[in-house]
Amino acid sequence: MLRKTKFCFCFNGLSLLKMVFMIVVLFMTVPFITHYYLSNIGSDAELPTYHSRSKLEYLNGELDPMIPSKLESTISDLQRIKTSVNNELRNLESKRQKLRTEISGYEAHVEALRSQYESLNKEMNQVKLTLEQLKLEKEDVISQYIPNIKAPQRILTDLNIDREEIIPKVTMTTAKSCRMHTCFDYSICSLVSGFPVYVYNSQDVLSDSFEVEEFVASSLIKALGKNSYVTEESYSACVYLLVVGELENQNIDKSNFESTLHNLPHWRGDGRNHILLNLASSVHNRDFFAGLNTGRAIVIQSPFVDRIYRSGFDLIIPPMVEGKADGPVWQELPSLVPVRRKHFISFWGQTILLPKNYEVKQGKFFNSMNVHKTNNIHRHLQSVADVPTLVSIETQIVTALKDMQSKMGEEVHISLSCDSLKLQGVASEWALCGLPSQRAQFLKDSTFSILIAPSNFSIVSTTVFQIRLAESLKYGAVPIILGNHMTLPYSEILDWDKAVVFLPTARVTEIFFFLRTFSDNDILAMRHQGRFFWESYFSTTENILDTTLAVIRTRLQIPPKPVLDEPSPSVFNASFVPLKYNGLDTEPETDEFLGPKEERFASEEFRRNYTKYFFQQSFNKPGDPNHLYPFTPFDPILSSDAKFLGSGFGYRPIGHGTGGAGKEFSEALGGNLQREQFTIVMLTYEREEVLIKAVLRLKGLPFLNRVVVVWNNQIPPSVELRWPDIGVPVNVIKTAKNSLNNRFLPYDVIETEAILSIDDDAHLRHDEIVFGFRVWREERERVVGFPGRFHTWDVEHKSWLYNSNYSCELSMVLTGAAYFHKYYAYLYTYSMPQAIRDKVDEYTNCEDIAMNFLVSHITRKPPIKVTSRWTFRCPGCPQTLSSDDSHFQERHQCINFFAKVYGYMPLLFTQYRVDSVLFKTRLPHDKQKCFKYI
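Here is the structure:
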């Protein structure tokens, strides 16, 4: 029994393959052994003699070769034996082949089982990960904080009640001290009111003697017609706007005008929530509110003195002297470069002497540095004997400027007299000289432009001073303001230190030394910011009005109107049901696990509606501060510990916070932001087969929310076309016309911040797409993509060229395969100069260059290139636009035209590309890389 057990144990230790091998060897050796023994049958066992194979010896004469019968019998026996052995060998070979076939079958079966096991194991891990994701989503839903937002309660009672019972009647004294918290009725202007503005018809409420200048009236009517805040329902209005100037006749009967104001239909005794707008259209505009009881109404105009101006309540705006109601203005602007121009410093003006009976504020020349621009101390000269003090200030300024010019030569261009005998301006300020065209050329040749504040410190702002400021900004001469007591337009929201240099008047002798310390980088940055301020807030009547209302709205912490999405009409009729694709799915190009399966979800929208800091910040950088965007790429990032200590909603840290290599990395998005998904926007035209293959390749792609196919052909796709089911919606959008600008329309079906713009012939692997998405999440304010290009300088022609050659630096990433934020789709469509979109339509080209220009202009950063791909090839595709000989010539022209529109070259170079963290890193056998091939 023991032997049997040992025997079975030995055989159990042998593998099936070894047993089969032993049987095969046994079957092959047995015939040879049998043949050996059969060939020795009948021989004498006692004879030790061995016979050679070449000679047959016969013993004892038993086999005498001379006996034919015995020889034939022997041969017959040998042939029979040979036949038997051959048969045996054939049978063994047949059995061997059969065993080999069985072994191959077993091996294939084992491999299939192994593959099935791996597939089931992968699916099981996927299910586990999905369950884990669902648990995390449940925790997010439970822990999510949703504030109960409702309109604030009214501070005051019914509007029909006599206001004097609740609010004392306003007097001249109380009106002079108005601030928003004391004179504005917040109860009729809820945070969720939308800031409705009721506009009085000036022709109806003002008499003929108070007729508004024709251009002011017509341009404002046009601008108000476009403004989304204007309402005709006076009972629901938040503020009431009355345009009171510029008047045709500046000499008005003030008592009559005051009576007209107090009789306005909604004045209600004190003018609460009223805006009185005096929009200057010439240098003759003046402050005619002095001595008037404007009650609690907000006064908005260019000229102000400190006795009238109520800081934080009234508003200083730029004059409207350009004579342009709306529309583009880039054609009027000079280039921002070269940085240093013909004249380093310039000034052209003549002081307007004070009349002997003019009241001025006390102060010596060198005390001006201590007077702040918001100073409200009212100290006036009691005697004309103090007038020489101001004359002395002007004299010292003139002496200093003349001395600077004599020492510095042509670098400094100072002109202290005007050709005209009639000076334009008010007493104690410096008059404008020359025609607007002459001043324009003067400023175009200047790096810095000096603006001298009036020597009368009681003057807060004048129309002439504001015109000087606007012209300096427009023509790129960085303003140097001598005197700290002046207030600049929209100073509540604009950071003027980025565009203007402020110096006390006492520094006039040190101006040249001080400005010489400025680098070219600083000068260009200030010039660029000044141009942005002028173009966005000064250039047209529409811009001035929109910005004026935006300041009041921002004071009230009311968000702007949300930007509108573009509708996404389907290319199919409502009753049409597209055919389903019934072919084979595309085999995945890599078997690596790239991310968890998730239900589709949209990015969170409008999370910063009431963040006032965000509003004010938006006014000081290129973009569109007059609309509220559902999301921007500039949101602040939480610290790493916050997501684990109460603010973890939506975050999916790697390894639940413990980190990890490839396995843990592939199970969560990680990073510094909440989880999100992306939308693929694919532009196509007349390439149905290529399109279907491109869509089919997207099946099973992690983090994909939706595919938007922009059908750029006016002829709809074939009804026989079969559309694949890839697990997410595929929206085929009908376009109004064939335009490459359609690629960047902010369609309402795009619910994610991330957009992957891709051509139908661009073939990207899933791992490349996912890696690009992960990189974009960290650089979401930039274009992140695959094919890189760059711009080069043509030394001979002094112009720009487009270049697609291989290079160690690039400045563009083509949007045929690139990620960008949806915020830029809004800006491309609604804010970018229309001339650029028109040029794209003219050439049917350059839309990718235009997007790179826009993003670099907004961020002042270059794009990010990922992976080693430089181009895409589609051998089976029909003819493409880029293969045309004129393609590159058009792109050369586009680059130069776009640079002219922006006034400078926004594109910046980068000399690196991005690969995954563990790329080409040697890892232990139990660790895996982030991506196998990236």
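Numbering of the sequence shown is given in the UniProt record's numbering, commencing with residue 1 and proceeding in unit increments. Ideal placement from N, C-alpha and C gives every residue a C-beta, glycine not left out.
Best match in the options for proximity to residue i [C-alpha to C-alpha]
{"i": "Lys-900", "options": "Asn-285, Gln-133, Ile-221, Val-337", "result": "Val-337"}
{"i": "Ile-452", "options": "Glu-410, Phe-195, Thr-395", "result": "Thr-395"}
{"i": "Val-840", "options": "Pro-862, Gln-893, Arg-869, Asn-805", "result": "Gln-893"}
{"i": "Tyr-651", "options": "Val-412, Gly-670, Ser-302, Phe-665", "result": "Gly-670"}
{"i": "Asn-201", "options": "Cys-183, Leu-264, Ser-259", "result": "Leu-264"}
{"i": "Thr-735", "options": "Val-708, Ala-237, Leu-469, Lys-226", "result": "Val-708"}
{"i": "Phe-257", "options": "Tyr-240, Ala-237, Cys-238, Phe-288", "result": "Phe-288"}
{"i": "Tyr-235", "options": "Leu-220, Val-197, Ala-818, Pro-68", "result": "Val-197"}
{"i": "Lys-580", "options": "Asp-725, Leu-683, Thr-74, Asp-306", "result": "Asp-725"}
{"i": "Asn-672", "options": "Leu-683, Gly-657, Glu-686, Val-681", "result": "Gly-657"}
{"i": "Ile-481", "options": "Trp-496, Tyr-475, Tyr-490, Pro-633", "result": "Trp-496"}
{"i": "Val-85", "options": "Phe-27, Glu-123, Ile-67", "result": "Phe-27"}
{"i": "Ile-654", "options": "Gln-133, Glu-411, Ser-568", "result": "Gln-133"}
First through last residue of the alpha helix (DSSP H) which encompasses residue i
{"i": "Arg-439", "result": "436 to 444"}
{"i": "Ser-461", "result": "It is not in any alpha helix (DSSP H) - Ser-461 instead sits in the beta strand (DSSP E) that spans 459 to 461."}
{"i": "Leu-224", "result": "214 to 226"}
{"i": "Phe-533", "result": "520 to 533"}
{"i": "Ser-202", "result": "202 to 205"}
{"i": "Ile-544", "result": "541 to 555"}
{"i": "Tyr-902", "result": "886 to 902"}
Length of the line joining the Cα atoms of residue i and residue j
{"i": "Arg-154", "j": "Tyr-186", "result": "Bear in mind that the predicted position of Arg-154 carries a pLDDT of just 42, short of 50, making it too unreliable to give a figure here."}
{"i": "Leu-827", "j": "Val-551", "result": "21 Å"}
{"i": "Asp-761", "j": "Leu-814", "result": "14 Å"}
{"i": "Val-243", "j": "Val-212", "result": "8 Å"}
{"i": "Thr-663", "j": "Phe-773", "result": "At residue 663 the sequence reads Lys, which differs from the Thr that was named. Looking at the two C-alpha atoms, the distance is approximately 18 Å."}
{"i": "Leu-247", "j": "Ile-300", "result": "14 Å"}
{"i": "Arg-913", "j": "Glu-542", "result": "43 Å"}
{"i": "Leu-923", "j": "Gly-659", "result": "16 Å"}
{"i": "Gly-595", "j": "Ile-934", "result": "15 Å"}
{"i": "Lys-920", "j": "Thr-867", "result": "13 Å"}
{"i": "Gly-727", "j": "Asn-741", "result": "28 Å"}
{"i": "Asp-503", "j": "Glu-751", "result": "In the sequence on display, residue 503 carries Leu and not Asp. Their Cα atoms are separated by approximately 49 Å."}
{"i": "Lys-18", "j": "Ser-119", "result": "30 Å"}
{"i": "Ser-639", "j": "Asn-626", "result": "30 Å"}
{"i": "Asn-367", "j": "Val-501", "result": "For Asn-367, the predicted structure reports a pLDDT of 32, less than 50, and the residue's modelled location is therefore unreliable. A value from the coordinates is still provided. Looking at the two C-alpha atoms, the distance is approximately 19 Å."}
{"i": "Ile-317", "j": "His-485", "result": "16 Å"}
{"i": "Ile-149", "j": "Tyr-610", "result": "With a pLDDT of 46 at Ile-149, under the threshold of 50, the modelled position of that residue is not reliable, and the figure given next carries that caveat. Their Cα atoms are separated by approximately 12 Å."}
{"i": "Gln-350", "j": "Cys-433", "result": "7 Å"}
{"i": "Asp-848", "j": "Thr-174", "result": "58 Å"}
{"i": "Ala-477", "j": "Gln-438", "result": "14 Å"}
{"i": "Pro-562", "j": "Pro-833", "result": "20 Å"}
{"i": "Lys-82", "j": "Glu-93", "result": "16 Å"}
{"i": "Met-320", "j": "Leu-745", "result": "33 Å"}
{"i": "Gln-116", "j": "Ala-108", "result": "12 Å"}
{"i": "Val-230", "j": "Ser-449", "result": "39 Å"}
{"i": "Leu-416", "j": "Gly-291", "result": "34 Å"}
{"i": "Lys-138", "j": "Leu-131", "result": "10 Å"}
Extent of the continuous beta strand (DSSP E) to which residue i belongs
{"i": "Phe-347", "result": "343 to 348"}
{"i": "Ser-415", "result": "412 to 415"}
{"i": "Ile-849", "result": "Unbroken run through Ile-849 is the alpha helix (DSSP H), 847 to 859; no beta strand (DSSP E)."}
If you pair each beta-carbon of the stretch 712 to 720 with each one of the stretch 782 to 796, do three or more pairs fall below 8 Å? no
Could you pull out every unbroken alpha helix (DSSP H) segment of at least 4 residues lying fully inside the stretch 755 to 807, listed in chain order? 766 to 778
Completely contained alpha helix (DSSP H) runs for the stretch 642 to 692, where each covers 4 or more residues: 662 to 666
Taking only runs of the alpha helix (DSSP H) that begin and end inside the stretch 441 to 512, which ones reach a length of at least 4 residues, in chain order? 463 to 475
Count Cβ pairs between the stretch 508 to 523 and the stretch 338 to 355 that sit closer than 8 Å; are there 3 or more? yes
Counting only runs of 4+ residues fully inside the stretch 238 to 285, write out the alpha helix (DSSP H) ranges in chain order. 254 to 262
Say whether the stretch 219 to 227 touches the stretch 579 to 597, bearing in mind that this needs 3 or more beta-carbon pairs closer than 8 Å, one atom from each stretch. Contact between the stretch 219 to 227 and the stretch 579 to 597 is absent, because fewer than three Cβ pairs lie under 8 Å.
In chain order, which continuous runs of the beta strand (DSSP E) of length 3 or greater are located wholly inside the stretch 683 to 744? 704 to 711, 730 to 734
Contact between the stretch 530 to 545 and the stretch 797 to 804 (3+ Cβ pairs under 8 Å): By the C-beta criterion, the stretch 530 to 545 is judged not to be in contact with the stretch 797 to 804, since fewer than 3 inter-stretch pairs fall below 8 Å.
Between the stretch 326 to 341 and the stretch 296 to 314, are three or more C-beta pairs nearer than 8 Å? no
Using 8 Å as the Cβ pair cut-off and three pairs as the minimum, do the stretch 567 to 580 and the stretch 685 to 700 touch? no
Quick one: complete alpha helix (DSSP H) runs, 4+ long, within the stretch 814 to 841? 822 to 826
Flag this pair as touching only if the stretch 698 to 713 and the stretch 779 to 790 have three or more C-beta atom pairs under 8 Å; answer yes or no. no
Count the CB pairs spanning the stretch 512 to 529 and the stretch 459 to 472 that are closer than 8 Å, and state whether there are at least three. no
Would you check if the stretch 290 to 308 and the stretch 403 to 410 touch, i.e. whether three or more CB-CB distances between them fall below 8 Å? no
Please list the segments of the alpha helix (DSSP H) lying wholly inside the stretch 579 to 651, counting only runs of 4 or more residues, in order along the chain. 612 to 618
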